[in-house]
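Protein chains in written order, with the working numbering: chain A, -18 to 220; chain B, 2 to 175. Contents: one structure, followed by commentary.
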């Protein structure tokens, strides 16, 4: 089964979750929300899923469009709200945090604040929503971009919103992992040439140990289909 | 979270609140946030966020009684630090209930009435947002509101369900 931009992002985000971890997805993070729900359905190991709506191990009756929808509390035995999960992160209790970004640089720092100059912006972005606190304090941070281009994966950020423990960047065509302080290519979507990844990436990166992404498994495919039976999410994420 | 730290400082009655993280972010210089060294000698440097005390906090509750005691069901998001940090607290609520309803489960009361200056009963007042467990997000209404075109705001206000449920009184004829 071929990768789509949508499946490449969601499945490769899900593959970052490790057994026993406490993982968190935040606002405006639909791909990360889907990845956590996919991992619950496709993988046999246990991990704890928390989300910004206050859900703890939710069993949503339907999959909401918004990753902060209260539907993500359904089935939770507890509500672990904003103050609680930020505090948990600050004291080192969140193993894996999915944080979105507008730009990411080769050192794994992110910009969610502004494109252009702060005082005279080309685009004013929504802001970090806690990223500045979570990225240095979470044990591991994973980000993603639906657009893989030199304006999103940049050599120099317009603004550093957050820096710290970013480990992984997932795009429709690539997965980067931080090694020795720089993002290195771990794998790429075999439907594009390796050269294309380099051409569409604004920062320099090591590709010496990169491999084509492992094919999507039958269980990953089935879980993704069950989360998006009408293909609505996939349609919204054509890169 | 730096916003919550500022609210917490105000709620705690102190001028600033230490917060984890922020290291490496341009937001620190932009906002002139200061770092302090742990006075107890751990060697850690911690950012401190100045107190934020809103003049008014307005929260939407599920139920309110005649004294302003307000019950919020579901995830409270920032309601707790917000109501403690603000100088004045106003409540809108889905419905008015007798006080003994709240007294039967006082742990569900998010803000006690002595802190509340005024309350209004506004059914569906969270629209187009959600109000657990009564109604969900109205996604089509949110998307219509987001349209960057003339009349989008007016159409949104026109569609507000609370206007339909509580029509304004007829204007007296001149």
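By construction, the Cβ of each residue, glycine as well, lies at the ideal position given by its N, Cα and C atoms.
Candidates the options, of which the one nearest residue i by Cα
{"i": "residue 121 of chain B", "options": "B:38, B:69 and B:23", "result": "B:69"}
{"i": "residue 191 of chain A", "options": "A:35, A:157, A:214 and A:163", "result": "A:157"}
{"i": "residue 213 of chain A", "options": "A:56, A:61, A:165 and A:11", "result": "A:11"}
{"i": "residue 147 of chain A", "options": "A:80, A:-4, A:58 and A:57", "result": "A:80"}
{"i": "residue 168 of chain A", "options": "A:176, A:55 and A:5", "result": "A:176"}
{"i": "residue 197 of chain A", "options": "A:-8, A:19 and A:85", "result": "A:-8"}
{"i": "residue 139 of chain A", "options": "A:115, A:172, A:-5 and A:92", "result": "A:92"}
{"i": "residue 56 of chain A", "options": "A:14, A:204, A:38 and A:88", "result": "A:38"}
{"i": "residue 48 of chain B", "options": "B:7, B:32, B:26 and B:21", "result": "B:21"}
{"i": "residue 79 of chain B", "options": "B:97, B:46, B:58 and B:88", "result": "B:58"}
{"i": "residue 0 of chain A", "options": "A:20, A:-17, A:27 and A:-12", "result": "A:27"}
{"i": "residue 6 of chain B", "options": "B:51, B:41 and B:145", "result": "B:51"}
{"i": "residue 16 of chain B", "options": "B:40, B:28, B:54 and B:23", "result": "B:54"}
{"i": "residue 163 of chain A", "options": "A:174, A:185 and A:21", "result": "A:185"}
{"i": "residue 61 of chain A", "options": "A:-17, A:6, A:95 and A:132", "result": "A:6"}
{"i": "residue 131 of chain A", "options": "A:33, A:116, A:193 and A:178", "result": "A:178"}
{"i": "residue 130 of chain B", "options": "A:218, A:34 and A:-4", "result": "A:34"}
Opening and closing residue of the alpha helix (DSSP H) in which residue i lies
{"i": "residue 207 of chain A", "result": "199 to 208"}
{"i": "residue 290 of chain A", "result": "What the structure shows of chain A is the stretch from -18 to 220, and residue 290 of chain A is not part of that stretch, so it cannot be assessed."}
{"i": "residue 163 of chain A", "result": "Residue 163 of chain A -> not in any alpha helix (DSSP H); beta strand (DSSP E) instead, spanning 163 to 169."}
{"i": "residue -12 of chain A", "result": "-14 to -5"}
{"i": "residue 20 of chain B", "result": "Run containing residue 20 of chain B: none in the alpha helix (DSSP H); it sits in the beta strand (DSSP E), 17 to 20."}
{"i": "residue 176 of chain A", "result": "175 to 180"}
{"i": "residue 11 of chain A", "result": "11 to 23"}
{"i": "residue 28 of chain B", "result": "28 to 32"}
{"i": "residue 102 of chain B", "result": "100 to 105"}
{"i": "residue 45 of chain A", "result": "Per DSSP, residue 45 of chain A belongs to no alpha helix (DSSP H) and is neither H nor E."}
Euclidean distance between Cα positions of residue i and residue j
{"i": "residue -2 of chain A", "j": "residue 152 of chain B", "result": "45 Å"}
{"i": "residue 77 of chain A", "j": "residue 62 of chain B", "result": "33 Å"}
{"i": "residue 150 of chain A", "j": "residue 187 of chain A", "result": "14 Å"}
{"i": "residue 75 of chain A", "j": "residue 3 of chain A", "result": "6 Å"}
{"i": "residue 156 of chain B", "j": "residue 143 of chain B", "result": "12 Å"}
{"i": "residue 220 of chain A", "j": "residue 207 of chain A", "result": "Confidence in residue 220 of chain A is poor, its pLDDT being 46 and thus under 50, which makes the residue's placement too unreliable to answer from."}
{"i": "residue 72 of chain B", "j": "residue 103 of chain B", "result": "7 Å"}
{"i": "residue 141 of chain A", "j": "residue 49 of chain A", "result": "25 Å"}
{"i": "residue 75 of chain B", "j": "residue 132 of chain B", "result": "8 Å"}
{"i": "residue 201 of chain A", "j": "residue 26 of chain B", "result": "36 Å"}
{"i": "residue 89 of chain A", "j": "residue 121 of chain A", "result": "12 Å"}
{"i": "residue 129 of chain A", "j": "residue 182 of chain A", "result": "7 Å"}
{"i": "residue 141 of chain B", "j": "residue 3 of chain B", "result": "32 Å"}
{"i": "residue 139 of chain B", "j": "residue 30 of chain A", "result": "26 Å"}
{"i": "residue 113 of chain B", "j": "residue -6 of chain A", "result": "43 Å"}
Residue i burial status per 10 Å Cβ neighbour count (16 or more: buried)
{"i": "residue 41 of chain A", "result": "buried"}
{"i": "residue 37 of chain B", "result": "exposed"}
{"i": "residue 175 of chain B", "result": "Model confidence at residue 175 of chain B stands at a pLDDT of 49, short of 50, so the residue's coordinates are unreliable and nothing is read from them."}
{"i": "residue 44 of chain B", "result": "exposed"}
{"i": "residue 25 of chain A", "result": "exposed"}
{"i": "residue 17 of chain A", "result": "buried"}
{"i": "residue 169 of chain B", "result": "Only weak support is given to the placement of residue 169 of chain B: the predicted model assigns it a pLDDT of 49, under 50, and the question is left unresolved by the model."}
{"i": "residue 30 of chain B", "result": "exposed"}
{"i": "residue 211 of chain A", "result": "exposed"}
{"i": "residue 100 of chain A", "result": "exposed"}
{"i": "residue 52 of chain A", "result": "buried"}
{"i": "residue 82 of chain B", "result": "buried"}
{"i": "residue 159 of chain B", "result": "exposed"}
{"i": "residue -14 of chain A", "result": "buried"}
{"i": "residue 199 of chain A", "result": "exposed"}
{"i": "residue 126 of chain A", "result": "buried"}
{"i": "residue 43 of chain A", "result": "exposed"}
{"i": "residue 86 of chain B", "result": "buried"}
{"i": "residue 97 of chain B", "result": "exposed"}
{"i": "residue 19 of chain A", "result": "buried"}
Residues that DSSP places opposite residue i in a beta bridge
{"i": "residue 30 of chain A", "result": "A:4"}
{"i": "residue 141 of chain A", "result": "Looking at the DSSP assignment, residue 141 of chain A forms no beta bridge with any residue, so it has no partner."}
{"i": "residue 48 of chain B", "result": "B:20 and B:36"}
{"i": "residue 79 of chain A", "result": "A:6 and A:123"}
{"i": "residue 9 of chain B", "result": "According to DSSP, residue 9 of chain B bridges with nothing at all."}
{"i": "residue 105 of chain A", "result": "A:95"}
{"i": "residue 36 of chain A", "result": "A:60"}
{"i": "residue 136 of chain B", "result": "B:132"}
{"i": "residue 158 of chain A", "result": "A:149 and A:165"}
{"i": "residue 135 of chain A", "result": "A:86"}
{"i": "residue 50 of chain A", "result": "None; residue 50 of chain A has no bridge partner."}
Limits of the beta strand (DSSP E) - the one that residue i falls within
{"i": "residue 86 of chain A", "result": "84 to 86"}
{"i": "residue 121 of chain A", "result": "121 to 125"}
{"i": "residue 214 of chain A", "result": "No beta strand (DSSP E) holds residue 214 of chain A; the alpha helix (DSSP H) holding it covers 213 to 216."}
{"i": "residue 62 of chain B", "result": "57 to 65"}
{"i": "residue 91 of chain B", "result": "89 to 97"}
{"i": "residue 242 of chain B", "result": "The question about residue 242 of chain B has no answer, for chain B in this structure spans 2 to 175."}
{"i": "residue 112 of chain B", "result": "110 to 112"}
7 Å Cβ cut-off: residues of chain E touching residue i
{"i": "residue 102 of chain A", "result": "Looking for chain E here will not work: the only protein chains present are A and B."}
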